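Chemist: Here it is, the structure, as structure tokens.
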Amino acid sequence: MRRTLLLASAIALASTAPALAASDGSREKQDQRADAALQNREVAQACLDRLDAFGQQMDEQGYWLTGWRGGWAGYGVRPGLGTTGMTPVTGGGTADVQTQASTGDAHPRQGTYASSDGDRQMRDPGPWGDVGWQMAPRYQIRTLYGAAHILARQGDMEGCRAVTDQLERIHERYTSELQQAGVDPDEVGSWRAQQIAAAVPVEQLGSVRLDSIAGTDLRNTRDEQLGSVEDVVIDPQSGDIAYAIVSVGGFLGIGDRTVAVPWKMLEVTPGYNTFVLDMKEDVLDNAPEITPEFFGSQDFFEEVRGELDTYWNQFRN
């Protein structure tokens, strides 16, 4: 009897050993996946921290490259159509950056921009003078910044590093060219303040091209960055613009949150280079967060609109 029990126990142990080994192997794989996930999060955060530092650096340098709008956006300082790459050119396309700097011409010559009715209007191209590029710095910086952000979220350390390296090189090249051209960051800030003071209610714009405003800075009357206007919401009944979709809490439209600001509360500067909202930053931080499906149907639109208007009405004059 005793011999039978010992034999049965041996058979049972032999049969459970593979299961225990498999269990240990499965647990080891789970631990490896958990470690890999943790490492990916750490990699992502390191790259995101670097991107945040880059955004802060751009703001502190004061050249406001994110406000330089050109090409198809309807705003700019006569892109150098006969040039290649990012080489800055003068309005006539003949003098180099050093020549511009030596002339001491810190005041820009007039360029053109597309007004809301489609006419070409003369305007002051801003403190960047006759320095121009084929492609607006904002577009290039924003594209690379967004790509690095995506790679960071996916834990692609090498990809994120490579794109961020290129992002920093492009930014350094732009700022170096502006320095050689004698562009003064203080003049940029003063000019932007003048533009904000000259802002008019958006109701005076008439028709608006979305590609003229998408990605435009939103600032307050104290010239503080509030966010970036990314899109608009159309009222399904009137066909008019009801809200501006604003990305807040991030950089170059890649924000932490998205909020809807009543369109008629906004003002805009000449050339669509900045939208203005006379509010403090915490007003947008506390605004209801929205997602695209919030405006998926007319019934839902009216429901969400009620909530949004309740919030914003307390700040109307």
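Throughout the sequence shown, residue numbering follows mature numbering (1 follows the signal peptide of the UniProt record, and there is no 0), covering -21 to -1, 1 to 296 in sequence.
Every residue, glycine too, gets a C-beta built ideally from N, C-alpha and C.
This structure is a prediction, so every number in the text was calculated from the model and none was measured.
Looking at the secondary structure, which residues open and close the alpha helix (DSSP H) in which residue 138 lies?
Modeler: From DSSP, the alpha helix (DSSP H) with residue 138 extends over 136 to 159.
Chemist: Exposed or buried, residue 209, counting other C-beta atoms within 10 Å across all chains shown (16 or more means buried)?
Modeler: Buried is the call here.
Chemist: So the candidates are 248, 288, 115, 121; which of them puts its Cα closest to the Cα of residue 221?
Modeler: Answer by Cα proximity: 288.
Chemist: Does residue 298 come out as helix, strand or coil in the three-state DSSP assignment?
Modeler: The structure shown does not extend to residue 298, since the chain is modelled only from -21 through 296, so no value can be given for it.
Chemist: Where does the unbroken beta strand (DSSP E) through residue 130 begin, and where does it stop?
Modeler: Taken as a continuous stretch (DSSP letters only), residue 130 belongs to no beta strand (DSSP E), being part of the alpha helix (DSSP H) at 116 to 132.
Chemist: How long is the line joining the alpha carbons of residue 120 and residue 188, rounded to whole angstroms?
Modeler: Whole-angstrom Cα-Cα distance: 22 angstroms.
Chemist: Cβ of residue 30 versus every heavy atom of the ligand FAD: is any distance shorter than 7 angstroms?
Modeler: Ligands displayed in this structure: none; no statement on the ligand FAD is therefore possible.
Chemist: Should the segment 147 to 158 be regarded as contacting the segment 253 to 264, the criterion being three or more beta carbon pairs within less than 8 angstroms?
Modeler: No, because fewer than three Cβ pairs between the segment 147 to 158 and the segment 253 to 264 fall closer than 8 angstroms, the two stretches do not touch.
Chemist: Count the other CB atoms within 10 Å of the CB of residue 38; is the residue buried (16 or more) or exposed (fewer)?
Modeler: The residue in question, residue 38, is exposed, as its Cβ has fewer than 16 Cβ neighbours within 10 Å.
Chemist: With distance defined between alpha-carbon atoms, name the residue in 128, 266, 36, 115 nearest to residue 195.
Modeler: Among 128, 266, 36, 115, the Cα nearest to that of residue 195 belongs to 115.
Chemist: Measuring CA to CA, which of 6, 42, 29, 292 is closest to residue 161?
Modeler: For residue 161, the nearest C-alpha among the options comes from 42.
Chemist: For my contact list, residue 46 and residue 171 are in at a C-beta cut-off of 8 angstroms; report their separation, rounded to the angstrom.
Modeler: Indeed they touch by this definition, with Cβ atoms about 7 angstroms apart.
Chemist: Identify, in the order they occur along the chain, each residue of the same chain with its Cβ nearer than 7 angstroms to the Cβ of residue 23, setting aside the five sequence neighbours on each side.
Modeler: Hits under 7 angstroms: 131, 132, 134.
Chemist: List the DSSP bridge partners of residue 233.
Modeler: 230, per the DSSP bridge assignment.
Chemist: For residue 206, count the other beta carbons within 10 Å of its own beta carbon; 16 or more makes it buried, fewer makes it exposed. Which is it?
Modeler: Counting Cβ neighbours within 10 Å, residue 206 comes out buried, since at least 16 surround it.
Chemist: Pop quiz: residue 215 and residue 238 are said to be a contact at Cβ under 8 angstroms. What is the actual Cβ separation, rounded to whole angstroms?
Modeler: At roughly 20 angstroms, the Cβ-Cβ gap does not stay under 8 angstroms, so residue 215 and residue 238 are not in contact.
Chemist: Tell me which residue opens and which closes the beta strand (DSSP E) that residue 207 is part of.
Modeler: From DSSP, the beta strand (DSSP E) with residue 207 extends over 204 to 213.
Chemist: Helix, strand or coil for residue 42 per DSSP?
Modeler: Residue state, collapsed to three classes: coil.
Chemist: Closest to residue 231 by CA distance: which of 21, 247, 291, 127 is it?
Modeler: Out of 21, 247, 291, 127, 127 has the C-alpha closest to the C-alpha of residue 231.
Chemist: Which stretch, first to last residue, makes up the beta strand (DSSP E) that contains residue 253?
Modeler: Where residue 253 is concerned, the enclosing beta strand (DSSP E) stretches over 253 to 255.
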